[in-house]
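Participant:
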Amino acid sequence: MIEALLRRIGAALVTLVLATGVVFLLIRAVPGDIIGEMLGQSAGDPASEAALRAFFGLDRPLTAQYLAWAGDVLQGDLGTSMRQGLPVLGIVVDAFLVTLEIGVATLLLAILVGVPLGMVAGARPGGVADMVVEGFTLVGLSAPVFWTGMVLLILADGWLGWSPPLVYTPPDISLSDNLEGIALPVLALGLLQAAAYAQFTRQQSAALMRQDFVRAARARGLPARVVYGRHLLRNIAIPLVTYAGLILVQILGGVVVVETLFGIPGLGRTLLAAIQGRDYPVLQGALLLTVVVALLVNLVIDLTYALIDPRVRGA
Amino acid sequence: MPLSLPRLMIDRRTALLAGAGLLGGGPVPPARAQGAGAGALYGPDDPQARRGGTLTVAIANEPPNLDPFHQAGDARTAVTLLMYQGLMYEDASGVAKPLLAESMAVSDDGLTYTFALRRGVRFHTGRTMTSADVKYSYDYVRNPANGSPGALDFGTIAEIAAPDENTVVVRLSEPNASLPMTLTNRFGGVVPADTFANPQARARLSQQSVGTGPFMLQEFRPQSHIRMARFPNYWVQGQPYLDGVLFSVQPNAASVLVALRSRRVDLALLARPQDAEQLQGQAGLTITATSSLRQCSLDLDGNHAQLKDPRVRQAIALAVDKNAVMQASIGGKGKVLGTIPAAMQESWGAPLDALPNQRTDPARAKALLAEAGLPDGFGIDLISIIGFEWMDPAGVTLAQQLAPLGIRLNIQRVELGVWLNAYRSRNMRFTFNDWGTQPDPHILYYRHFHSPPRGADFRNWNNAEGDRLLDAGMATADPARRKAAYVDFQKVLDASAPTVMLFSPDLVTVAQQRVRNYVQHPTGWWFGLAKAWIAA
Chain A
1 MIEALLRRIG AALVTLVLAT GVVFLLIRAV PGDIIGEMLG QSAGDPASEA ALRAFFGLDR
61 PLTAQYLAWA GDVLQGDLGT SMRQGLPVLG IVVDAFLVTL EIGVATLLLA ILVGVPLGMV
121 AGARPGGVAD MVVEGFTLVG LSAPVFWTGM VLLILADGWL GWSPPLVYTP PDISLSDNLE
181 GIALPVLALG LLQAAAYAQF TRQQSAALMR QDFVRAARAR GLPARVVYGR HLLRNIAIPL
241 VTYAGLILVQ ILGGVVVVET LFGIPGLGRT LLAAIQGRDY PVLQGALLLT VVVALLVNLV
301 IDLTYALIDP RVRGA
Chain B
316 MPLSLPRLMI DRRTALLAGA GLLGGGPVPP ARAQGAGAGA LYGPDDPQAR RGGTLTVAIA
376 NEPPNLDPFH QAGDARTAVT LLMYQGLMYE DASGVAKPLL AESMAVSDDG LTYTFALRRG
436 VRFHTGRTMT SADVKYSYDY VRNPANGSPG ALDFGTIAEI AAPDENTVVV RLSEPNASLP
496 MTLTNRFGGV VPADTFANPQ ARARLSQQSV GTGPFMLQEF RPQSHIRMAR FPNYWVQGQP
556 YLDGVLFSVQ PNAASVLVAL RSRRVDLALL ARPQDAEQLQ GQAGLTITAT SSLRQCSLDL
616 DGNHAQLKDP RVRQAIALAV DKNAVMQASI GGKGKVLGTI PAAMQESWGA PLDALPNQRT
676 DPARAKALLA EAGLPDGFGI DLISIIGFEW MDPAGVTLAQ QLAPLGIRLN IQRVELGVWL
736 NAYRSRNMRF TFNDWGTQPD PHILYYRHFH SPPRGADFRN WNNAEGDRLL DAGMATADPA
796 RRKAAYVDFQ KVLDASAPTV MLFSPDLVTV AQQRVRNYVQ HPTGWWFGLA KAWIAA
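As you go down the protein sequences, you meet chains A and B in turn. Going by my numbering, the letters in the first sequence line up with residues 1 to 315, in that order. Going by my numbering, the letters in the second sequence line up with residues 316 to 851, in that order.
1. List the endpoints of the continuous beta strand (DSSP E) containing B/M531.
2. Do you know offhand how far B/N461's Cα is from A/E259's?
3. Measuring straight from C-alpha to C-alpha, what distance separates B/S606 and B/D423?
4. What are the boundary residues of the alpha helix (DSSP H) that B/T746 is part of?
5. Is there a Cβ from chain A that is less than 8 Å from the Cβ of B/W750?
6. Buried or exposed: which applies to B/G367, given that a residue is buried once 16 or more other Cβ atoms fall within 10 Å of its Cβ?
7. Just checking: is the beta-carbon of A/Q284 within a distance shorter than 8 Å of some beta-carbon in chain B?
8. Since B/T371 meets chain A, which of its residues come closer than 8 Å, beta carbon to beta carbon?
9. Would you list the residues sitting across from B/Y428 in a DSSP beta bridge?
10. B/M543 bridges to which residues according to DSSP?
11. What are the residues in the segment 253 to 268 of chain A lying within 9 Å of chain B by C-beta distance?
12. Could you check what DSSP says for B/G340 in three-state terms: helix, strand or coil?
13. Would you mind sorting B/E377 into buried or exposed? The rule is 16 or more other CB atoms within 10 Å of its CB.
14. What residues from the segment 522 to 537 of chain B come within 9 Å of chain A, judged by C-beta to C-beta, listed N to C?
15. Does the segment 700 to 715 of chain B come within contact of the segment 635 to 649 of chain B, defined as at least 3 CB pairs closer than 8 Å?
16. With DSSP as the reference, please indicate the residues paired to A/I264 in a beta bridge.
17. Where are the beta strand (DSSP E) runs, 3 residues long or more, that stay fully inside the segment 566 to 619 of chain B, in chain order?
18. List the DSSP bridge partners of B/T700.
19. Rounded to a whole number of angstroms, what is the C-alpha to C-alpha distance between B/R365 and B/A604?
20. Ignore the nearest five residues each way along the sequence and tell me which others in B/E489's own chain have a CB closer than 6 Å to its CB.
21. With DSSP collapsed to three states, give me the class of A/W147.
22. Are the beta-carbon atoms of A/V226 and A/V214 separated by less than 8 Å?
23. Distance check for B/L735 and A/G40, CA to CA, integer angstroms please.
24. Given a threshold of 16 other Cβ atoms within 10 Å of its Cβ, counted over all protein chains shown, does B/I541 qualify as buried or as exposed?
25. List the endpoints of the continuous alpha helix (DSSP H) containing A/Y228.
26. Report yes if the CB atom of B/A630 is closer than 8 Å to the CB atom of B/L720, and no otherwise.
27. Measure the CB-CB distance between A/L152 and A/L187 and report whether it falls below 8 Å.
28. Pull the bridge partners of B/L822 from the DSSP assignment, please.
29. Whole angstroms are fine: how far does the CA of A/V167 sit from the CA of B/S612?
30. Between A/P125, A/G149 and A/A195, which has its C-alpha nearest A/Y243's C-alpha?
31. Between B/I701 and B/F745, is the Cβ-Cβ spacing less than 8 Å?
32. Given a cut-off of 8 Å, decide if B/A373 and B/P837 are closer than it, judged by their beta-carbon atoms.
33. Exposed or buried, A/Q199, counting other C-beta atoms within 10 Å across all chains shown (16 or more means buried)?
34. Relative to the C-alpha of B/A586, which residue among B/A598, B/Q595 and B/N567 is closest?
35. Which residues does DSSP list as the beta-bridge partners of B/G401?
36. Would you say A/G36 and A/R278 are within 8 Å of each other, going by their C-beta atoms?
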């Protein structure tokens with residue numbers, strides 16, 4: 001088990017090093033740089049441009065730039081944002097925590113709504129419940145998050161005369177303000193993910209319902225609570241956990257849409273601003289963090305398998 | 316490089332002119348006398364104004380940082396001018412008026428500008444501003460080694476002297492009538508001497524303001540908000556009226572409309588002026604439209620394909636129906652242009668009937684194309700920038716308008732950073748553009764159209780007559796002769812069409828009823844907040 005874990009961590013580290021190199025080269029291959037954003041249409045003075053390039057170290061060879069960055073990262077320093085002049089670590093961690101909060105809240109909502117719906121639908125494929133859930137799934141999966149967000153925003157404004165606060169408040173400052181701020185983004189994202197979850201759970205449970213052990217349990221007259229809770233849920237738990245990991249990574253990647261719509265300072269918008277402004281250190285830092293998180297999530301999922309399923313422990 | 320300080324010389328004529336208030340607004344009584352002389356700045360004083368309250372303003376574009384010297388973007392200037400002030404103020408009328416200066420005098424030869432500083436002006440750091448701070452700030456900007464985009468604008472300054480604490484003398488290498496406008500609030504902010512001696516200074520400016528403006532920075536949270544608080548030691552006693560301003564970054568236009576309706580936002584400038592229609596009749600909201608200094612235009616690179624031939628450029632100019640493009644792009648909420656942005660047409664614009672290529676004339680366009688050897692037209696890429704919503708409908712409309720000439724447009728959408736890269740390297744090709752200015756013709760035209768190294772001539776226009784007129788406009792102090800030079804320049808611009816200025820979108824400001832005395836400046840910047848107040 002420990003050996004397998006170490007092997008996985010080793011592979012993750014290699015992936016990490018490769019990913020940073022690719023990211024470093026890719027973002028520099030895109031035309032334009034921070035100087036373009038700083039000067040805008042006030043460009044035109046070669047001496048000022050040269051001074052700025054030197055200030056940001058962009059006049060050095062690429063290898064020197066990469067090695068300097070990698071050396072700093074190994075010492076825990078992700079560099080300084082070219083746009084804001086602030087440490088990258090602070091910028092990306094602050095932004096990541098905001099996105100993580102939305103991601104986790106969305107995942108919880110998706111599980112709490114999607115899994116029971118999927119199980120109910122899967123219990124009697126073709127039944128009324130199944131059709132209702134299928135309708136919900138269809139709407140949830142086909143409505144773009146941007147559209148759902150807009151509709152929620154307009155409905156909240158029109159029906160309740162309420163709109164989300166303009167400034168995101170972290171939960172440690174005021175939990176109620178925080179929840180008010182993330183309610184609509186989480187709902188908008190949660191609808192889609194709950195639909196995805198319901199569909200996935202339905203397929204899993206419908207397949208299991210046909211299995212002998214479930215049929216035997218039902219034939220023995222066991223109460224539904226036991227059939228679903230003990231036999232069904234436990235058997236679909238592993239795929240559901242795998243799916244949770246996938247969905248979490250997907251939410252973290254796709255959250256930029258709701259962050260833009262609702263003005264939330266998360267990782268998605270930070271990345272977008274860094275791409276638009278060619279803020280290389282922030283981009284590299286944010287992507288490094290994203291890769292680390294994706295690798296960690298996968299690692300945690302592997303470990304969770306072991307907790308749920310004794311057979312995996314020996315592997 | 317240390318500068319020697321030659322003896323201050325102001326000739327009699329200059330002194331008389333300054334005394335009569337004929338130069339740049341003339342001398343002003345001491346500032347502490349209840350803001351006398353500051354009355355016209357930023358908007359009217361309001362005797363009924365109440366102190367207190369925080370105004371929430373929605374902004375679509377966030378400044379990357381709040382450094383007044385290194386960031387050229389409009390989004391930066393729009394907010395930092397509440398924290399940093401220049402010697403002069405870009406009045407909406409197109410005249411630079413003294414701001415941190417109390418008065419300005421110009422020597423007969425137009426080479427020496429002498430500024431008497433306002434007394435008792437304090438920085439947010441607590442220190443009192445002196446001429447040494449002004450000299451430091453402007454020497455910093457004009458030194459290209461410091462990488463300020465303002466360096467080119469400050470290029471005619473040969474030396475800055477501070478003969479005493481309250482006097483600054485700027486000597487030019489050649490006459491430059493736009494100097495007062497250059498020392499306004501875009502790159503002309505004054506910071507305490509040695510601000511940039513600290514290597515961390517650039518980062519700190521996004522956490523702490525060090526200017527003299529009515530508001531000081533409280534918090535800047537990128538992708539979220541900028542919070543400013545009233546500067547208690549502001550040099551105009553009793554102002555600003557507001558306790559604070561909260562700029563909330565709302566990149567989505569629809570979210571801003573919802574926030575205005577539900578009163579989360581007090582004030583906003585609509586990113587899409589046509590959205591005003593969705594708010595018409597909404598109780599409690601005041602909607603005003605102001606002419607702007609922004610121009611949405613079509614640029615024609617003189618080094619690119621068929622556009623090398625001036626007749627082809629003229630033909631395109633003659634085929635465009637600007638009003639139809641504006642209707643399609645922004646629902647008609649703007650002003651169709653000749654050769655200057657809407658808010659400058661009256662003060663500096665050439666009369667439209669003196670510009671033959673500003674009228675739609677398909678027959679002449681067709682004849683010109685035939686003369687250029689292209690009777691059947693040609694195919695060309697038109698570049699549109701992603702994120703600039705007006706460009707998509709404008710592109711489609713333009714394609715329809717050029718089709719009868721046989722010009723087949725292939726619209727290419729590029730990302731802003733990629734576009735800026737091409738622009739900087741003078742490879743604009745055939746593209747839409749969207750830019751703004753301060754209300755001065757030199758600042759508007761010189762960098763864009765004068766050939767290098769004095770200008771940047773981004774469109775590879777390479778027009779000697781244009782250069783000559785731009786130089787004449789710069790060197791001429793007399794307002795009437797100066798205007799004549801720029802009118803002639805616009806005729807040249809019209810005749811050979813390196814650009815087709817399409818329209819200036821109106822600045823549509825939406826405010827809750829409780830917002831009082833807010834005046835929208837044609838730059839689209841937030842000057843008006845210095846005098847706005849909140850009714851109970």
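Note that the Cβ used here is the ideal one computed from N, Cα and C, for glycine as well. As the structure is a computational prediction, the values presented were derived from the model and not from experiment.
Facilitator: Result, derived from the coordinates:
1. Reading the second sequence from its first residue, position 216 is the one you call residue 531 of chain B. Per DSSP, B/M531 belongs to the beta strand (DSSP E) from F530 to R536.
2. Working through the second sequence from its first residue, we reach residue 461 of chain B at position 146. Working through the first sequence from its first residue, we reach residue 259 of chain A at position 259. So the alpha carbons of these two residues sit roughly 36 Å apart.
3. For the purposes of this step, residue 606 of chain B is taken as residue 291 along the second sequence, with counting starting at 1. For the purposes of this step, residue 423 of chain B is taken as residue 108 along the second sequence, with counting starting at 1. Their backbone Cα atoms lie some 35 Å apart in a straight line.
4. By one-based count along the second sequence, residue 746 of chain B stands at place 431. It is not in any alpha helix (DSSP H) - B/T746 instead sits in the beta strand (DSSP E) that spans F745 to W750.
5. Along the second sequence, read from residue 1 onward, the residue named residue 750 of chain B stands at position 435. With 8 Å as the cut-off, B/W750 counts as an interface residue toward chain A.
6. Taking the first residue of the second sequence as position 1, residue 367 of chain B is located at position 52. It counts as exposed.
7. Position 284 of the first sequence, counted from the first residue, corresponds to residue 284 of chain A. Cβ-Cβ to chain B under 8 Å: no for A/Q284.
8. Taking the first residue of the second sequence as 1, we reach residue 371 of chain B at position 56. Ordered by position in chain A, the residues that pass the 8 Å Cβ test against B/T371 are L166.
9. Mapped onto the second sequence, residue 428 of chain B falls at position 113. B/V421 and B/V485.
10. Within the second sequence, numbered from 1, the residue matching residue 543 of chain B stands at position 228. According to DSSP, which records beta bridges pairwise, B/M543 is partnered with B/L532 and B/V560.
11. E259, T260, L261, F262, G263, I264, P265 and G266
12. Working through the second sequence from its first residue, we reach residue 340 of chain B at position 25. Summary for B/G340: the model assigns pLDDT 36, below 50, so the residue's position carries little reliability; its value from the coordinates is reported in the next sentence. The answer is coil: DSSP assigns B/G340 none of H, G, I, E or B.
13. For the purposes of this step, residue 377 of chain B is taken as residue 62 along the second sequence, with counting starting at 1. It counts as buried.
14. Q522, F535, R536 and P537
15. yes
16. Counting from one through the first sequence, the residue named residue 264 of chain A turns up at place 264. DSSP, once it has assigned bridges, lists no residue as partnering A/I264.
17. 582 to 584, 600 to 605 and 610 to 615
18. Position 385 of the second sequence, counted from the first residue, corresponds to residue 700 of chain B. Per the sequence presented here, residue 700 of chain B reads as Ile, with Thr not at that position. BP columns for B/I700 point to B/V729.
19. Within the second sequence, residue 365 of chain B is the residue found at index 50, counting from 1. Within the second sequence, residue 604 of chain B is the residue found at index 289, counting from 1. Their backbone Cα atoms lie some 25 Å apart in a straight line.
20. Numbered from 1 along the second sequence, position 174 holds the residue referred to as residue 489 of chain B. Within the same chain, B/E489 has close Cβ partners T471.
21. Sequence index remark: in the first sequence, residue 147 of chain A carries index 147 (1-based). Correct three-state label for A/W147: helix.
22. Residue mapping note: residue 226 of chain A aligns to position 226 of the first sequence, counting from 1. Residue mapping note: residue 214 of chain A aligns to position 214 of the first sequence, counting from 1. Contact flag unset, no.
23. Here residue 40 of chain A refers to the residue found at position 40 of the first sequence. Here residue 735 of chain B refers to the residue found at position 420 of the second sequence. So the two alpha carbons sit approximately 7 Å from each other.
24. Locating residue 541 of chain B in the second sequence gives position 226, where the first residue counts as 1. Buried.
25. Translated into positions along the first sequence, residue 228 of chain A becomes position 228. Looking at the DSSP string, A/Y228 is not in any alpha helix (DSSP H), and its letter there is neither H nor E.
26. Counting from one through the second sequence, the residue named residue 630 of chain B turns up at place 315. Counting from one through the second sequence, the residue named residue 720 of chain B turns up at place 405. Against a cut-off of 8 Å, the Cβ pair of B/L720 and B/A630 comes out as a contact.
27. Here residue 152 of chain A refers to the residue found at position 152 of the first sequence. Here residue 187 of chain A refers to the residue found at position 187 of the first sequence. Yes, the pair counts as a contact, with Cβ atoms nearer than the cut-off.
28. Residue numbering aside, residue 822 of chain B sits at position 507 when the second sequence is read from its first letter. According to DSSP, B/L822 bridges with B/T605.
29. The residue you call residue 612 of chain B lines up with position 297 of the second sequence. The residue you call residue 167 of chain A lines up with position 167 of the first sequence. In a straight line, the C-alpha of B/S612 is about 35 Å away from that of A/V167.
30. Numbered from 1 along the first sequence, position 243 holds the residue referred to as residue 243 of chain A. Out of A/P125, A/G149 and A/A195, A/A195 has the C-alpha closest to the C-alpha of A/Y243.
31. Counted from its first residue, the second sequence places residue 701 of chain B at position 386. Counted from its first residue, the second sequence places residue 745 of chain B at position 430. Not closer than 8 Å, so no.
32. As a first step, residue 837 of chain B must be located in the second sequence, where it is residue number 522. As a first step, residue 373 of chain B must be located in the second sequence, where it is residue number 58. It is not a contact, given that the beta carbons lie outside the stated cut-off.
33. On the first sequence, residue 199 of chain A is found 199 positions in, with the first residue counted as 1. Buried is the call here.
34. Taking the second sequence and counting its residues from 1, the one referred to as residue 586 of chain B is at position 271. Minimum Cα distance to B/A586 is reached at B/N567.
35. Taking the first residue of the second sequence as position 1, residue 401 of chain B is located at position 86. Answer is B/G504, bridged to B/G401.
36. Along the first sequence, one-based indexing puts residue 36 of chain A at 36. Along the first sequence, one-based indexing puts residue 278 of chain A at 278. A contact, by the Cβ cut-off of 8 Å.
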